[in-house]
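**Q** Below is the structure I would like to discuss, written out as structure tokens.
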Amino acid sequence: MRKVVLAFVAVASFFVFSAEAQQSTFEKGSAVLDFTIGSPTSSGTTNRDVLMPPVSMTLDFGGPSGFFGGSKGKSKGGKNGAKSSGGKGALGFGGIASFYYDDCWGWEDDYWHNGYHYNGRWPYDATVFNMFLAFRFSFHYEVVESMDLYGGLLMGGRFRIWNYVEPYNYESYTGEHPIGSKFCFGPFVGMRYYFGDVFGLKAEFGVDTGAGLPNAQGGICLKLK
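Under the working numbering, the residues of the sequence shown are numbered 8 to 232, in order.
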């Protein structure tokens, strides 16, 4: 028990003292552009070959910042307590766009189509194109210099187009509509580490209700300002 208490005190002390320095990796007015490659998302089909893994572009902007720590100074009237500068923690907002496509094939035992129920085993084969678009809101904290840890929520949609291979076309064999979309909502966490003022590496993990977001992705980040 004593070791647990000491470990907790050590971690808490680290965050208290680290908050005295001003956050520089992500703050109010920041703009960060990411390019990543991610793990394949769920296809919901019997078989699949990944022809192109999820390639994503993310753009995050810095909102209000300096929630933890920071220095106190004097206001124009001479009274103490006015917040002057410094502090860590920042809110962020932005968006993400992903594109990927697969070769999906298999058998569908039965399905409903145009109000009719079809029995039997029907083969399907299609190239499936996916696009994922979402808004994201995040909170960022610079634990150590040059490292931006963040987490947040996203909301958007996954848009899918099935390009069926002849003769296994939509009208004859499968109840999956050629053009469809799903609502996506879920959390994500990630880290950016900068090697200088502009260039860095990124890793991010997340889940969503529409299986549109790659569960894991990594790539480069560019701090535009």
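Note that beta-carbon positions come from the ideal geometry of N, C-alpha and C, so glycine has one too.
Predicted model, so just to flag it, every value in this text is computed and none were measured.
1. Would you check if the distance between the CB atom of ALA223 and the CB atom of PHE212 is smaller than 7 Å?
2. Got a sec? Which residues, its chain only, sit under 6 Å from LYS209 by beta carbon, not counting five neighbours each side?
3. From the DSSP output, in three-state form, read off THR32 for me.
4. Classify VAL164 as helix, strand or coil using the three-state DSSP reduction.
5. Short of 8 Å in beta carbon distance, which residues of its chain neighbour LEU98, apart from the five on each side in sequence? Order them along the chain.
6. Does the region 55-63 touch the region 103-116, meaning 3 or more C-beta pairs lie closer than 8 Å?
7. Using only alpha-carbon positions, find the residue among LYS230, LYS189, ALA38 that is nearest to ALA218.
8. Determine, using beta carbons only, whether GLY94 and GLY76 come nearer to each other than 7 Å.
9. Give a yes or no on whether the C-beta atoms belonging to SER103 and SER153 are separated by under 7 Å.
10. So is the beta-carbon of MET198 under 6 Å away from any non-hydrogen atom of the ligand SAM?
11. How many angstroms separate the CA atom of TRP169 from the CA atom of ASN137?
12. Under three-state DSSP, which class holds LYS232?
13. Starting from LEU58, follow the beta strand (DSSP E) in both directions and report where the run begins and ends.
14. May I have the straight-line CA-CA distance separating VAL135 from GLY187, to the nearest angstrom?
15. Between which two residues does the beta strand (DSSP E) harbouring PHE202 extend?
**A** Put simply:
1. Cβ atoms of ALA223 and PHE212: closer than 7 Å.
2. Excluding its 5 nearest sequence neighbours in each direction, LYS209 has C-beta neighbours in its own chain below 6 Å: ASP41, ARG199, GLY226, CYS228, listed in chain order.
3. THR32 falls in the coil class under three-state DSSP.
4. Looking at the sequence shown, residue 164 is not Val but Gly. DSSP places GLY164 in strand when its eight states are reduced to three.
5. Counting only Cβ-Cβ distances below 8 Å, and skipping sequence neighbours, we find GLY69, GLY70, PRO71, SER72, PHE144, SER145, PHE146, HIS147.
6. Yes: the two stretches touch, three or more of their Cβ pairs being nearer than 8 Å.
7. Answer by Cα proximity: LYS189.
8. In this structure, GLY94 lies near GLY76, with their beta-carbon atoms less than 7 Å apart.
9. Looking at the sequence itself, residue 103 is Ile, so the reference to Ser does not match. No; because the gap between Cβ atoms is not below 7 Å, this pair is not in contact.
10. This structure does not include the ligand SAM; it has no bound ligands of any sort.
11. Cα to Cα, TRP169 sits roughly 9 Å from ASN137.
12. Reduced to three states, the DSSP call for LYS232 is coil.
13. Membership of LEU58 in the beta strand (DSSP E) is indicated by the continuous run 54-75.
14. Cα to Cα, VAL135 sits roughly 11 Å from GLY187.
15. For PHE202, there is no enclosing beta strand (DSSP E), as DSSP gives it neither H nor E.
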